[in-house]
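Using my numbering, you'd call the opening residue of the sequence shown number 4 and step up by one each time. For every residue, glycine included, the Cβ atom is placed at its ideal position computed from N, Cα and C. Here the structure is a predicted model, which means the values were calculated and not measured.
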Amino acid sequence: GAKSILGPPKVYEDVPDSCTSAAQAIQNYHANLQVLESCETDEQRETCKLICDNMFQGVCQQMEALRTSSTTLDSKTVKFVERLEQDKKTLRQRQLSLQQL
């Protein structure tokens with residue numbers, strides 16, 4: 004649908020088995036970014052930012068693990084990994100721009 008152009012989906016569909024952890028990590032990160040967007044106070048924002056940073060570290064670890072095993076992945080999975088990689092960047096950019104507010 005048209006929505007997907009805006010960036011990462013809230014929930015991934017047809018996730019290859021080897022990507023479930025990474026996709027889950029990105030979904031969690033995404034969800035927490037949305038919380039960050041709706042924070043009212045600086046204090047909330049600060050706490051949420053730390054959680055997002057933590058989540059992002061988790062995403063990076065999962066992606067690293069995927070890349071390490073990528074020699075054994077089929078082409079469909081490799082495509083999915085590339086998509087996750089892209090979404091990771093998009094979400095990170097979104098967090099960083101939120102923090103300038």
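Endpoints, alpha helix (DSSP H) assigned at residue i
{"i": "E40", "result": "T23 to E40"}
DSSP three-state assignment for residue i, whether helix, strand or coil
{"i": "D20", "result": "helix"}
Rounded C-alpha distance that separates residue i from residue j
{"i": "S24", "j": "E43", "result": "31 Å"}
{"i": "L94", "j": "V18", "result": "19 Å"}
{"i": "K13", "j": "D56", "result": "18 Å"}
{"i": "Q65", "j": "A28", "result": "8 Å"}
{"i": "Y15", "j": "Q60", "result": "20 Å"}
{"i": "Q103", "j": "T71", "result": "34 Å"}
{"i": "M58", "j": "S78", "result": "27 Å"}
{"i": "E81", "j": "Q96", "result": "Per the sequence shown, the amino acid found at residue 81 is Val instead of Glu. The alpha-carbon atoms of V81 and Q96 are separated by roughly 23 Å."}
{"i": "A26", "j": "G10", "result": "14 Å"}
{"i": "L87", "j": "Y32", "result": "12 Å"}
Among the options, nearest to residue i - alpha-carbon criterion
{"i": "T37", "options": "K52, K92 and D77", "result": "For the sequence presented, residue 37 should be read as Gln rather than Thr. Looking at the Cα atoms, K52 is the closest of the given residues."}
{"i": "D20", "options": "L69, Q96 and L99", "result": "L69"}
{"i": "Q98", "options": "C22, A26 and A34", "result": "A34"}
query = Mind pulling the beta strand (DSSP E) runs of 3 or more residues that sit fully within the segment 47 to 102?
reply = Correct list: empty.
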